[in-house]
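Student: The sequence shown maps to residues 1 to 156 in UniProt numbering. Quick reminder that beta carbons are idealized off the backbone N, C-alpha and C, glycines included. Quick one: the structure is below, and I'll ask about it shortly.
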Amino acid sequence: MGTGQTTHLRYLSGLLLRAALVLFLFAKGFAVVYHHRISDRVMTTRYGKVRGLEVTFPGNKLRPVEAYFGLRYGDLDGGGMRFMPPKNPKEQWNGIRVAMKHQPVCPQPVKHEQEYSKQLPEARVAHLRNITPYLTDQKEDCLTLNLFVPKQGKTV
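Structural data, given as structure tokens:
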């Protein structure tokens, strides 16, 4: 084996090892939230003021973030613009909106675990099992974002 092949083999094995590690960590619930509270910071947008949640993850590998759930980024204009680029949202508000509620997801088929458990690796089945509860509320008007922003300043 030449040096080029050896280097390529090392690169591929390192890549496979990293991918396996990521799958293992997420399958074991590495990113499970164990603490969240309403953030002190208020952000001003062109639509109004918004406050998110301060989210802390287990362990010391991931730093706290501020999460803003269900922020509208576009408007379908009553459904008349289906398959067209969205317009800017018409929605504006006074006061401070607390962005802590997930909005409906775009329509998609939800299969039962038995249907895909024979076809997919266990890590993928575990991932689908974890996200299935978030797929129950589906709506055609699903132009919202969940933003996760690194927390600024000192952590508590």
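Terminal residues of the continuous beta strand (DSSP E) containing Asn-130?
Tutor: Mapped onto the sequence shown, residue 130 falls at position 130. Note, Asn-130: premise wrong, no beta strand (DSSP E); alpha helix (DSSP H) at 122-131.
Student: Within 10 angstroms of its Cβ, does Val-149 collect 16 or more other Cβ (buried), or is it exposed?
Tutor: Position 149 of the sequence shown, counted from the start, is the residue given in the question as residue 149. Under this definition Val-149 is an exposed residue.
Student: Could you give the C-beta distance for Gly-52 and Tyr-68, rounded to a whole number, given that I count them as a contact under 8 Å?
Tutor: Looking up residue 52 in the sequence shown gives position 52. Looking up residue 68 in the sequence shown gives position 68. So it is a contact: roughly 4 Å between Cβ atoms.
Student: Using DSSP's beta-bridge definition, name the partner residues of Val-149.
Tutor: For this step, residue 149 is matched to residue 149 along the sequence shown. Val-149 pairs with Glu-66.
Student: Following the continuous alpha helix (DSSP H) through Glu-115, name the residue where it begins and the one where it ends.
Tutor: Within the sequence shown, the letter at position 115 stands for residue 115. Looking at the DSSP string, the run of the alpha helix (DSSP H) that includes Glu-115 is 113-117.
Student: Anyone know if the C-beta pair for Pro-104 and Gln-138 falls short of 8 Å?
Tutor: Your numbering for residue 104 matches position 104 in the sequence shown. Your numbering for residue 138 matches position 138 in the sequence shown. For Pro-104 and Gln-138, yes; Cβs fall inside 8 Å.
Student: Answer with buried or exposed for Glu-54, where buried requires no fewer than 16 other C-beta atoms within 10 angstroms of its C-beta.
Tutor: For the purposes of this step, residue 54 is taken as residue 54 along the sequence shown, with counting starting at 1. Flag for Glu-54 reads buried.
Student: How is the beta strand (DSSP E) around Lys-87 delimited, first residue to last?
Tutor: Your numbering for residue 87 matches position 87 in the sequence shown. Looking at the DSSP string, Lys-87 is not in any beta strand (DSSP E), and its letter there is neither H nor E.
Student: I need the straight-line Cα distance from Tyr-116 to Ala-123, nearest angstrom please.
Tutor: Here residue 116 refers to the residue found at position 116 of the sequence shown. Here residue 123 refers to the residue found at position 123 of the sequence shown. For Tyr-116 and Ala-123, the distance between alpha carbons rounds to 12 Å.
Student: On a Cα-Cα basis, can you pick out the residue from Gly-80, Cys-106, Thr-45 that is closest to Trp-93?
Tutor: Position 93 of the sequence shown, counting from 1, holds the residue named residue 93. With distances taken between Cα atoms, Trp-93 lies closest to Thr-45.
Student: Within 10 angstroms of its Cβ, does Thr-136 collect 16 or more other Cβ (buried), or is it exposed?
Tutor: To locate residue 136, count along the sequence shown from 1; it is residue 136. Thr-136 comes out exposed.
Student: For Thr-44, which residues does DSSP report across the bridge?
Tutor: By 1-based counting over the sequence shown, the position of residue 44 is 44. The partner list for Thr-44 (beta bridge, DSSP) reads Lys-49.
Student: Return helix, strand or coil for Leu-71, following the three-state DSSP convention.
Tutor: Indexing the sequence shown from 1 puts residue 71 at position 71. Three-state result, Leu-71: strand.
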